[in-house]
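In my numbering, the protein residues as written are 71 to 973. This report refers to the structure that appears directly beneath it.
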Amino acid sequence: MLVFTAAILLCLSSSTAREQRKESVHIAGLFHTSNSQEEQVFRLAVEMVNSVSPMRRYKLFAHTGKVAENDSFDASQRVCSMLSTGAVAIFGPMSGETSNIVQSICDSKDVPHIEARWDVNQHREAFLVNLYPYKGAFGKVFVDLVRYLEWKRFTIIYEDANSLVRLNELLKIYEPKKGTVTVRQLDRESNNYRELLYGIKKSGEVNYVVDCSADILYDVLIQAQQVGIMADQHNYIITSLDLHTVDMEPFQYGGAKITGVNLVDKMELTSKMADWDSWLLRAGQSMPGYIVDNFKVTSALMYDAVQLFSRALRRMEGLEVNMGRVDCDSYSSWMHGASLINVMKDSDSSFKGLSGLVQFDHEGYRSSFKLDVLKVTSGGLRQIGDWHPNEGLNISTTIEEEPLATDENTLRNKTLVVLISLTKPYIMTKISKDALSGNDRYEGFGIDLIKEMGAILYFNYTFVLHKDSNYGSIKNGEWTGMIREIRDSKADLAITDLTITAERESGADFTMPFMNLGISILYKKPQKAAPELFSFMAPFSMGVWGCMLSVYVGTSVLLFVMGRICPYEWTNPYPCIEEPDELENQFSLPNSLWFTIGSLLQQGSEIAPMAVSTRMVAGIWWFFTLIMVSSYTANLAAFLTVETTTSPFTDVKTLAEQKIVKYGAKRNGATYLFFKESTNQVYQKMFKYMLDNEEDVMSETNEIGEDRVKNKDEDYAFLMESSSIDYIVERHCHLTRVGGLLDNKGYGIAMRKGTPYRNLLTTAVLKLQESGKLTALVDKWWKQERGGGACKDKAASNSPDALGLQNVGGVFLVLGSGTALAAILTVLELLVHVHKTCKKDNLSFREELLAELRFVMRCHGSTKPVRRRHKPEDDHKDEATDDIDFIAMNSYQNGFQFKDPLS
Ligand code: GLU
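What follows is the structure in structure tokens.
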């Protein structure tokens, strides 16, 4: 074991030592805006090289700088300062003006310059490599598209002069006899293109090639829609490679045919994103939203640029590459720059990147690349083919869209295959003594819903049970679960507790939600707190008890002092003697204490104040005790009868903070996805916990999670959807929903993208909602069937329990300890008394004590003789009364007072 640990430590220390020994390779990126997507991706790419595929000898360090778009001086200063601090490659910038000056410095210093931009003036430069598709090859795709679409005439709507260079090939196909190519420029100053578009409309043109940046593309298209050139007869080719980042939803249904191209390899991007995601998660971060949603082509190229550089550097690891600093003011240059750029351009360095195959021709251009041809359909952007500079256009699918069905009879007598997955109470297997077959085998809310919808739209259905509990998500670029089956046309509809998520929406269509819910926590009901022994103290805080003790002592002392001062409290002890020798005061200190405690405990005492002042103190004291005792009694009743409960957490935040209760969710379900994608810190923390303990806390199905919550031997909370929680707590009274809803979403019926009868199904759901049938179905499956309503009676009979010994045990304890103390005091009093007597009469303490005890042991008689030793001066006294003297006994009220005549 020791050897093993030592070996691990050795390995670890040697690997960190190796890391430290690695040579640093500094690379610099120039960007026009801080923290742009390209800059973030640049940094991420460097991190991924270092952590996922590290080089044996080198470690990359990313430096970034901001340069203004058209400030060449600033750009040159920045490049020089980066080179002087050791940068061995410059990436970017994106604008032509600044890029040229960067290029000339890199050329003179033999430092590789790597670009990822559309360059109209692309030339062969010694130290430049540009990952953007070569302009000569790129323009041809649009020529092929125009030919494929058989456009005889068209209008090019372009943004700037660069566009025309890009579309140069397209302009060349203009032949006066065959067709017309019209060219119209957008006015970027005004942002209002309606006039121009209206003019094009007036010309009767129906085919358009739109060449503008993705930033304004949406505005152009929406204004085209406004002027009325987005209808059935209109056709568009969009040249922007960022078409996939633009929201095309408003143009999906208008009938216009919109075609575009895409360079980013979607599969590669999805799998890379999964890698980044898990790497970022391990580093305690989450993927920035803008990377996920709008991954631009320039970002993909920047990522590939870093990969290209690192691959070339890796190939040179065997050589002695000296990473020097290059000074712009000297004639020095970097000796390895040329080799590095050659290796990058070498065909052996080609690799599959985010922008497809990254490969350069003998001139150093990226002339071999593949573009996806996309079409905007009612289901979103769909790939219909691809294009390659050598192979040309290859259209594999012609999407002839079915118009959305509006006729209620569309589905009449059709049989739909409905995919189902077993989850209570949506889909369940019927319990029956007879052997069931076909649709009869299943029952539940979802089954009834399909039945009702079938009755409205007159369709038949066949239920097919899905093989597992995976409802659908993208894994390694592939759809899985029920959504996959739908996409593969294995079923027409899918129904269960299938949550509509953005991800699923991208792969399938959904009806309007038939149920709304949110994520919440299923947990055991709060336990009754164990009664406290001293719960009788609870009505007052310790502060109040402390104050009461102080005022009790204070008032007693005050009475004692006032009693001594006040002349009316000094009274004649023997009323029959008119002029007594001495007066007596009843407010001795013990009596004062006894008087106040007597009234505080509502018992009174035989002591009564006589003077106005002492009576006033007594009155005020009684008023005080009245209020305090009433308050105590009222509060005590509440404290003893109200049930106090404890729970280790009260909402999701406290659940995340505590460490006792484990928690989890359904693996790869919508709840899991919610935590995965949340940007909220608490949810991120919870997701990290769930991911770190995945094997232990995540469940394959809701039922497994529910069973774990029910298990008495386990402390487990399950994050699940509120509708399912409601079903469970309706039947298992010791379980409850803790906290509110974390989000709001709905269940829908899934179908293939572009399904023409989606609207019909949605209308059917709406009809069922409006007629109250959906509510009735909820009542049936939640509150009635299969043990529903089991917890209703329990809730009604919630009468207060009788108080147990645990509730009032403390009072008994006080009584017991008080009396025990009193018993001890009695013994002490006896001992003190015997001690005093013996001292006074010079007697033996033992004898005297034994005599007293003997008397006590007799246990009868209410009189006690006063025993007194014979003293010399008493010799004249009678022999018979020598030892004892009789005690005078006075009867006083209902007690006896013994008076010691010697005292
Ligand atoms: N309804 C969820 C889904 O559609 C499954 C349950 C959950 O994740 O809580 O994936």
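Don't be surprised by glycine CBs; every beta carbon is placed ideally from N, CA and C.
Ignoring anything shorter than 3 residues, give me the beta strand (DSSP E) runs that lie fully in the stretch 289-317, in order along the chain. 305-308
Less than 7 Å between the CB of Glu791 and some heavy atom of the ligand GLU, yes or no? yes
CA-to-CA distance, Ser121 to Ser83, given in whole angstroms: The predicted position of Ser83 is uncertain, since its pLDDT is 48 and thus under 50; a value taken from the coordinates is nonetheless stated next. In a straight line, the C-alpha of Ser83 is about 17 Å away from that of Ser121.
Run through the stretch 230-266 for me and flag every whole beta strand (DSSP E) of 3 or more residues, listed as ranges in chain order. Complete beta strand (DSSP E) runs here, min 3: 251-255.
Would you identify the three-state DSSP class for Ala408, choosing helix, strand or coil? helix
Count the other CB atoms within 10 Å of the CB of Met152; is the residue buried (16 or more) or exposed (fewer)? buried
For Asn332, the first and last residue of its enclosing beta strand (DSSP E): Lys327 to Asn332
For Leu424 versus Leu313, is the C-beta spacing smaller than 8 Å? no
Is the stretch 617-626 touching the stretch 769-780 in the sense that three or more CB pairs, one from each, lie closer than 8 Å? no
Just how far apart, CA to CA, sit Asp335 and Phe439? 11 Å
Check whether the Cβ atoms of Val251 and Tyr228 sit closer than 8 Å, and answer yes or no. no
Whose C-beta lies closer than 8 Å to the C-beta of Arg801 among residues of the same chain, with five residues either side of it excluded? Arg856, Gly857, Gly858, Ala860 and Cys861
With DSSP run on the structure shown, which of helix, strand or coil describes Asn530? strand
Assign Arg574 to one of two classes, buried (16 or more other C-beta atoms within 10 Å of its C-beta) or exposed (fewer than that). buried
Cβ shell of Glu943 (< 7 Å), same chain only, five flanking positions each side left out: At Glu943 the pLDDT is 49, less than 50, meaning the model places this residue with poor confidence and gives no usable figure here.
Which residue or residues does DSSP assign as beta-bridge partners of Arg452? Lys445.
Would you tell me roughly how many angstroms separate the C-alpha atoms of Ser165 and Ala138, rounded to the nearest one? 9 Å
Counterpart residues of Lys594 in DSSP-defined beta bridges: Leu805
If the criterion is Cβ atoms closer than 8 Å, does the pair Tyr528 and Asn483 meet it? Taking 8 Å as the Cβ cut-off, Tyr528 and Asn483 qualify as a contacting pair.
Whole-angstrom distance between Lys503 and Leu847, CA atom to CA atom: 25 Å
Using the Cα positions of Asp948 and Glu899, report the straight-line distance between them to the nearest angstrom. Any reading at Asp948 must be qualified, since the residue scores a pLDDT of 44, below 50, and its modelled position is unreliable; the value itself is stated next. Rounded to whole angstroms, Asp948 to Glu899 spans 32 Å at the Cα level.
Residues that DSSP places opposite Phe224 in a beta bridge: Val251
Per-residue DSSP class, three states only, for His96: strand
Taking the straight line between their C-alpha atoms, what separation do you get for Tyr268 and Ala294? Rounded to whole angstroms, the separation of the alpha carbons of Ala294 and Tyr268 is 8 Å.
Does the beta carbon of Lys736 fall short of 7 Å from some heavy atom of the ligand GLU? yes
CB-CB length for Thr134 against Glu109, believed under 8 Å: 5 Å
Taking the straight line between their C-alpha atoms, what separation do you get for Lys129 and Thr749? 31 Å
So is His905 buried or exposed if we call it buried at 16+ other beta carbons inside 10 Å? exposed
Expressed to the nearest angstrom, what Euclidean distance is found between the alpha-carbon atoms of Asp189 and Val119? 27 Å
Using DSSP with H/G/I as helix, E/B as strand and the rest coil, what is Glu139? coil
Under 8 Å by Cβ, that's how I've got Arg452 and Leu444 pegged, so tell me the actual separation to the nearest angstrom. Confirmed, Cβ separation roughly 7 Å.
Counterpart residues of Gly423 in DSSP-defined beta bridges: Gly426
Let me know if Gly330 comes out buried or exposed under the rule of 16 or more other beta-carbons within 10 Å of its beta-carbon. buried
Roughly how many angstroms lie between the CA atoms of Ile697 and Pro718, to the nearest whole one? The alpha-carbon atoms of Ile697 and Pro718 are separated by roughly 38 Å.
Compare the beta carbon distance of Pro182 and Leu486 with 8 Å and say whether it is the shorter of the two. Not a contact, by the Cβ cut-off of 8 Å.
Nearer than 7 Å: is that true of the beta carbon of Ala740 relative to any heavy atom of the ligand GLU? At least one heavy atom of the ligand GLU is nearer than 7 Å to the Cβ of Ala740, so yes.
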